[in-house]
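Encoded as structure tokens, the structure appears first; notes follow it.
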Amino acid sequence: MDKKKLESKINEIVDIYNKGFLEESKNEIIKILKNTPNIPFLYNFLGAIYHTQNNLNEATLNYKKAIDLDKNYTEAINNLGGALIDQNNLIDAKTALLNAIKIDPKLIDAYINLGKLEGQYKNYDQEITYYEKALEINDNSVMANYNIAKAHISKNNFLIAKKFLQKTLNINPNYYRALTNLGGIFFAEGNGKDAERLYRKAISINPLNAEGYRLLSDCVELKYKDPIIKEMQDIEKKTNNTKTNQMHINFALGNVYDGIKKFDLAIDCFERGNRIRKEILGYNIDNDINLFNSIKSNFKKENNIFNNQLGISRSAKIPVFIVGMPRSGTTLIEQVVSSHSKVYGSGELTLVDDILNDLKWKNSAKDNNFNEKFRSLYLSKLSSIDTTKKIITDKMPLNFRWIGIILSSIPEAKIIHIERFDKATMWSIYKHFFTSNGNGYAYNLNDIKQYYNLYKDIMLFWNSQFDQKIFNLKYEEFTENQEKISRELIKYLELEWEQNCLEFYNNKRITHTSSALQVRKKIYKDSSKKWQDYKSFLINL
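In my numbering, the protein residues as written are 284 to 824.
Structure below.
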């Protein structure tokens, strides 16, 4: 094929690709490469198609072929880095991306990919630095502005994130992902009306965005005749849905049917959504059984510095760990406690898990040296939180697994453990979609029941080890005796009583959980009875 015909053919393929015909454009590229196997652009193009189709092995292979033909092909090098990030091959990804920048210091996409890579490591400050470099190259980059907003959300810097999301939308008012994230911040602020408005707008721009429907269904109880319900039903019926879309739309419809009291339909949808979510995560309960056994066998009270506090000075910041099963009322209790003028509510921090992973806790002796390292790292990260208040809450529910290490390393820490009626907790978990991947047990009733038993067992263990150090609170008792238990809580924190703690619903702090709207209302005493609508389905719990 002569040069002119080849250029014409490539232009045709690009046009086919831009119309969304990925398979057709891919097949045409493969035909050309059989006869003319020395065109870097086509290998890069083919890699991009495979990448879009989530065939990462073929994408990587073709990006590498493009680079073999042209060592300075920065677009292909950057694309390779992006594919390697998606394969979680972060070391090789970083090497490729830094090489791309070395060749072309103005390659904005490489800085954006480097930011994403640092985000995978939870190095949010470095992630932001890379996005800032991208913005120096092009201040109007949609992706750089959007990604820096997401990084600030990860750091709980919601006001800064709002600024960058607004800027993203000034550049591209129809960028539905920015609308969705901005809606999420309004939701966290307790502004349900603006959150709903933005979710609906995002859906109108991209009606196939199943996650948007799920977020909307979390935000508002949709009325029976709302036309958006028919849109959800139509998406659910599509045979070409991705697994992720099918998962999100089933959770969304489950919420809808639950709200309009069509419980049989709700069950069907929750079952489908949960089954897909578990399949995507590849969860196996045996891994958590082994983890809990390992935690108990690794913890020996005689080795912990809880029994040997000489030489340990009280930290400048006092952490309050609010723990329990998810959906047990931890957000409500944090809202109560953080209504006190001397307490800062920091929400669900991942610090404990991150630090223990860095310390390779399974392979480390649980001695004073280990405890001192954990103490130093945790308190250092806690002190970096932007607040002058001395007492800071860490409301990561699953920190109940690490109470032994926490109290061994930070004996001045406070532990508030919330327990809710078992069936109410387990049902609430099952019908809820968790955005993080750390609750893999939550998508199968048998797994939930086994995990709940693991939780009960380890809490008995910690209470036997640390008698009187843990404030155990029954959610249902709290809803019936709010003032009495609130006063006991504040006393446990060694603080003077403040009336604000009874009026927690006036607390304006950002609450980045699905309970954000609920905790801005007065206590609803019958919430633990909702499971009874599904009594026959939950008979074996």
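We treat Cβ as the ideally placed atom computed from N, Cα and C, and that holds for glycine.
>> Closest to proline 510 by C-alpha separation, out of Lys526, Asn528, Val539, would be which residue?
In response: Closest in C-alpha terms to proline 510, from the list Lys526, Asn528, Val539, comes Val539.
> Hey, serine 825 and lysine 625: beta-carbon distance below 7 Å or not?
Replying inline: Any answer about residue 825 is impossible in this case: the structure gives the chain only from 284 up to 824.
> In chain order, what residues of the same chain lie with their CB nearer than 6 Å to the CB of tyrosine 488, ignoring the 5 residues before and after it?
Replying inline: Contrary to the premise, residue 488 reads as isoleucine rather than tyrosine in this sequence. Apart from the 5 residues on each side of it in sequence, isoleucine 488 sits with its Cβ closer than 6 Å to the Cβ of Asn457, Tyr459 in its chain, given in chain order.
> Taking the C-alpha atoms as reference points, what is the distance between lysine 302 and isoleucine 312?
Replying inline: Lysine 302 and isoleucine 312: Cα-Cα distance of roughly 16 Å.
> Is asparagine 340 helix, strand or coil by DSSP?
Replying inline: DSSP places asparagine 340 in helix when its eight states are reduced to three.
>> I believe isoleucine 768 touches leucine 756 by the beta-carbon criterion, under 8 Å. Please report the beta-carbon distance rounded to the nearest angstrom.
In response: Isoleucine 768 to leucine 756, Cβ: 6 Å. Contact.
> Using DSSP with H/G/I as helix, E/B as strand and the rest coil, what is glycine 537?
Replying inline: Helix, per DSSP.
> When the Cα atoms are used, what is the spatial distance from asparagine 440 to glycine 495?
Replying inline: If you take the alpha carbons of asparagine 440 and glycine 495, they lie about 23 Å apart.
> If you drop the 5 nearest sequence neighbours on each side, which residues of the same chain put their C-beta closer than 6 Å to that of tyrosine 326?
Replying inline: Around tyrosine 326: Asn345, Lys348, Ala349.
> Given 8 Å as the limit, is there contact between the stretch 665–683 and the stretch 599–616, that is, 3 or more CB pairs closer than that?
Replying inline: With a cut-off of 8 Å, the stretch 599–616 and the stretch 665–683 count as touching, because enough Cβ pairs lie within range.
> For the alpha helix (DSSP H) that contains isoleucine 299, what are its first and last residues?
Replying inline: Residues 286–301.
>> Tell me the rounded alpha-carbon separation between leucine 662 and alanine 696.
In response: Between the C-alpha atoms of leucine 662 and alanine 696 there is a straight-line separation of about 10 Å.
> In whole angstroms, what is the alpha-carbon distance linking isoleucine 668 and lysine 521?
Replying inline: Taking the straight line joining both Cα atoms gives about 46 Å.
>> For leucine 352 and histidine 715, what's the separation of their Cα atoms in angstroms?
In response: Rounded to the nearest angstrom, the two C-alpha atoms are 49 Å apart.
> Tell me which same chain residues have a C-beta within less than 7 Å of the C-beta of glutamate 766, skipping the five on either side of it?
Replying inline: So the qualifying residues of the chain are Leu785.
>> Is the beta carbon of isoleucine 578 closer than 7 Å to that of arginine 684?
In response: A contact, by the Cβ cut-off of 7 Å.
>> Using only the alpha-carbon positions, how far apart do leucine 465 and leucine 448 sit?
In response: CA-to-CA, the gap between leucine 465 and leucine 448 works out to about 6 Å.
> Cα-Cα, which of Gly723, Met709, Gln748, Phe754 is closest to lysine 812?
Replying inline: Of the listed residues, the one whose Cα sits closest to lysine 812 is Met709.
>> Short of 6 Å in beta carbon distance, which residues of its chain neighbour glutamine 733, apart from the five on each side in sequence? Order them along the chain.
In response: The residues are Ile568.
> Going along the chain, which unbroken runs of the alpha helix (DSSP H) with 4 or more residues stay wholly within the stretch 754–788?
Replying inline: For the stretch 754–788, the full-length alpha helix (DSSP H) segments reaching 4 residues or more read 758–763, 765–775 along the chain.
>> I'd like the ranges of any alpha helix (DSSP H) spanning at least 4 consecutive residues and lying wholly in the stretch 667–699.
In response: 686–692, all fully within the stretch 667–699.
> Run through DSSP, which three-state label would phenylalanine 589 get?
Replying inline: Bear in mind that a pLDDT of 46 at phenylalanine 589, under 50, signals an unreliable position, so the number given afterwards is only what the model happens to contain. Residue state, collapsed to three classes: helix.
> How would you call isoleucine 822, buried or exposed, if buried means at least 16 neighbouring beta carbons within 10 angstroms?
Replying inline: Burial check for isoleucine 822: the Cβ neighbour count within 10 Å stays below 16, so the residue is exposed.
>> Tell me the residue span of the beta strand (DSSP E) that contains isoleucine 601.
In response: Isoleucine 601 -> beta strand (DSSP E) spans 601–606.
>> Among Glu419, Glu415, Leu442, Ala549, whose alpha-carbon lies nearest the alpha-carbon of asparagine 430?
In response: Nearest of Glu419, Glu415, Leu442, Ala549 to asparagine 430, Cα basis: Glu415.
> Which class does glycine 612 belong to by DSSP, given the choice of helix, strand or coil?
Replying inline: The answer is coil: DSSP assigns glycine 612 none of H, G, I, E or B.
>> Taking the alpha carbon of leucine 397 as the reference point, which residue from Gly330, Ala478, Gly365, Gln370 has its own alpha carbon closest?
In response: Out of Gly330, Ala478, Gly365, Gln370, Gly365 has the C-alpha closest to the C-alpha of leucine 397.
> Along the chain, where does the alpha helix (DSSP H) that runs through valine 425 open and close?
Replying inline: Taken as a continuous stretch (DSSP letters only), the alpha helix (DSSP H) holding valine 425 covers 425–437.
> How far does the alpha helix (DSSP H) with tyrosine 254 in it reach, from first residue to last?
Replying inline: Given a span of 284 to 824 for the chain in the structure shown, any question on residue 254 remains unanswerable.
> Which residues in the same chain have their Cβ closer than 6 Å to the Cβ of tyrosine 566, if we skip the five residues on either side of it in sequence?
Replying inline: So the qualifying residues of the chain are Gly723.
> Is DSSP giving isoleucine 822 helix, strand or coil here?
Replying inline: Looking at isoleucine 822 - three-state DSSP - the assignment turns out to be coil, as it is neither helix nor strand.
>> If the criterion is Cβ atoms closer than 7 Å, does the pair isoleucine 688 and arginine 658 meet it?
In response: No, the pair does not count as a contact, with Cβ atoms beyond the cut-off.
> For the beta strand (DSSP E) that valine 635 lies in, which residues bound it at each end?
Replying inline: If you look at valine 635, you'll find it isn't in any beta strand (DSSP E); it sits in the alpha helix (DSSP H) that goes 634–641.
> Can the beta-carbon of asparagine 428 be found closer than 7 Å to that of lysine 450?
Replying inline: Using a Cβ distance threshold of 7 Å, asparagine 428 and lysine 450 count as a contacting pair.
> Skipping 5 residues on each side, what residues in its chain have a beta carbon closer than 6 Å to that of methionine 679?
Replying inline: Counting only Cβ-Cβ distances below 6 Å, and skipping sequence neighbours, we find Glu631, Leu632.
>> In this structure, how does DSSP classify valine 619 when only helix, strand and coil are distinguished?
In response: Residue state for valine 619 is assigned as helix, using DSSP reduced to three classes.
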